[in-house]
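Under this note's numbering, the first residue of the sequence shown is numbered 97, with each subsequent residue one higher.
Using N, Cα and C, we set each Cβ at its ideal position, and we do this for glycine too.
Predicted, not measured: the structure shown is a model, and the values here were computed from it.
Scroll down for the structure; my scribbles are underneath it.
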Amino acid sequence: MSNEKPSRASPAPPLLVVISGPSGVGKDATLAKMKEAGFPFHYVVTATTRRKRPGEIDGVDYHFLSEDEFCQRTKTRHFLEWAKVYDNYYGVPEKVIKEALRQGQDVIVKVDVGGSYYQTNPA
Numbered sequence: 097m098s099n100e101k102p103s104r105a106s107p108a109p110p111l112l113v114v115i116s117g118p119s120g121v122g123k124d125a126t127l128a129k130m131k132e133a134g135f136p137f138h139y140v141v142t143a144t145t146r147r148k149r150p151g152e153i154d155g156v157d158y159h160f161l162s163e164d165e166f167c168q169r170t171k172t173r174h175f176l177e178w179a180k181v182y183d184n185y186y187g188v189p190e191k192v193i194k195e196a197l198r199q200g201q202d203v204i205v206k207v208d209v210g211g212s213y214y215q216t217n218p219a
C-alpha cells in the first residue's frame, strides 16, 4: 500500500456563459443579481452608442462610443457580437473575453438575440 496521495485531476477549463434575449427581457437585472450574490465571473462590459444616463460610468456600465467609433471597430472585428437595438448599437468586445479566459476566469456576457457576428459594416 502506497503512502502517496492520489493526484488531482487538472482543473476544468474556464466557462464562457452567455445571457441572451431580446431587449427588455431582464439581462441586466439578471447580471446585477448575480453580482450582488457574489458569483465570481468576469463580467464583460458592453459597448454602446446610446447616450450615457445619469449615474452611469463609462467603462463600468458600458463603454460609450460615438457611432463612427463603433462602426470603425466593427470593421476591425473588435466585437465578438454586435446588434442595433432601438437606433443604438451594442457590442461585446472580443479581446477582453479571450484575455479573461486565458487567465482561467469564468466569463459572462450578455447579447441580444438578433446580434451579428463578424459582419463588417453596421451602417
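Within 9 Å, strictly: CB atoms of residue i and residue j
{"i": "residue 207", "j": "residue 114", "result": "yes"}
{"i": "residue 186", "j": "residue 196", "result": "no"}
{"i": "residue 210", "j": "residue 118", "result": "yes"}
{"i": "residue 165", "j": "residue 175", "result": "no"}
As assigned by DSSP and simplified to three states, the class of residue i
{"i": "residue 128", "result": "helix"}
{"i": "residue 193", "result": "helix"}
{"i": "residue 171", "result": "helix"}
{"i": "residue 160", "result": "strand"}
{"i": "residue 104", "result": "In this prediction, residue 104 has a pLDDT of 43, which is less than 50 and means its spatial position is unreliable; nothing more can be read from the coordinates."}
{"i": "residue 148", "result": "coil"}
{"i": "residue 214", "result": "In this prediction, residue 214 scores a pLDDT of 49, lower than 50, which makes its location untrustworthy; the coordinate-derived value is nonetheless stated afterwards. Three-state DSSP puts residue 214 in coil, outside helix and strand."}
Supposed close pair residue i, residue j - CB separation, criterion 8 Å
{"i": "residue 140", "j": "residue 188", "result": "6 Å"}
Check: residue i C-beta below 8 Å from any heavy atom of the ligand MG
{"i": "residue 160", "result": "Although the ligand MG was asked about, the structure shown includes no ligands whatsoever."}
Proximity winner among the options, relative to residue i (alpha-carbon distances)
{"i": "residue 177", "options": "116, 109, 110", "result": "116"}
{"i": "residue 135", "options": "153, 111, 154", "result": "111"}
{"i": "residue 156", "options": "138, 165, 181", "result": "138"}
Three or more C-beta pairs under 8 Å: does that hold for the region 155–173 against the region 191–202?
Contact fails: fewer than three Cβ-Cβ distances are below 8 Å.
Below 8 Å, can you find three or more Cβ-Cβ pairs linking the region 128–145 to the region 157–168?
The region 128–145 vs the region 157–168: in contact.
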